[in-house]
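Here is the structure we will look at.
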Amino acid sequence: MTTTIVEKLRKQIESFDGGPTPEGIGTVVSVGDGVAEIDGLPNALMAEMLEFDISSDASLADSEKLLLDGS
44 MTTTIVEKLR KQIESFDGGP TPEGIGTVVS VGDGVAEIDG LPNALMAEML EFDISSDASL
104 ADSEKLLLDG S
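Here it is in structure tokens:
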């Protein structure tokens with residue numbers, strides 16, 4: 044019985060996909076000087092990393108503005 048539990052757990056761990064999953068989609072209202080104003084992400088947290096379709100990562104600096112990395 045213990046072997047069966049261990050085997051089931053091993054299979055679950057091996058098939059686990061721990062990658063990021065989208066949790067919301069916002070709208071870019073304005074962009075300027077490396078700051079983007081985003082609407083529609085009410086659950087975004089301070090310093091949370093956000094991903095854009097334009098191949099740029101971003102960090103949420105406050106609830107009103109978004110700082111773009113620019114890389």
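Each residue of the sequence shown is one higher than the last, beginning at 44 in the numbering used here.
Note that CB positions come from ideal geometry on N, CA and C, so glycine has one too.
In the structure shown, what three-state DSSP assignment does residue i receive?
{"i": "GLU94", "result": "strand"}
{"i": "THR70", "result": "strand"}
Check whether the Cβ atoms of residue i and residue j sit closer than 9 Å, and answer yes or no.
{"i": "THR64", "j": "ASP82", "result": "no"}
{"i": "GLY67", "j": "ALA87", "result": "yes"}
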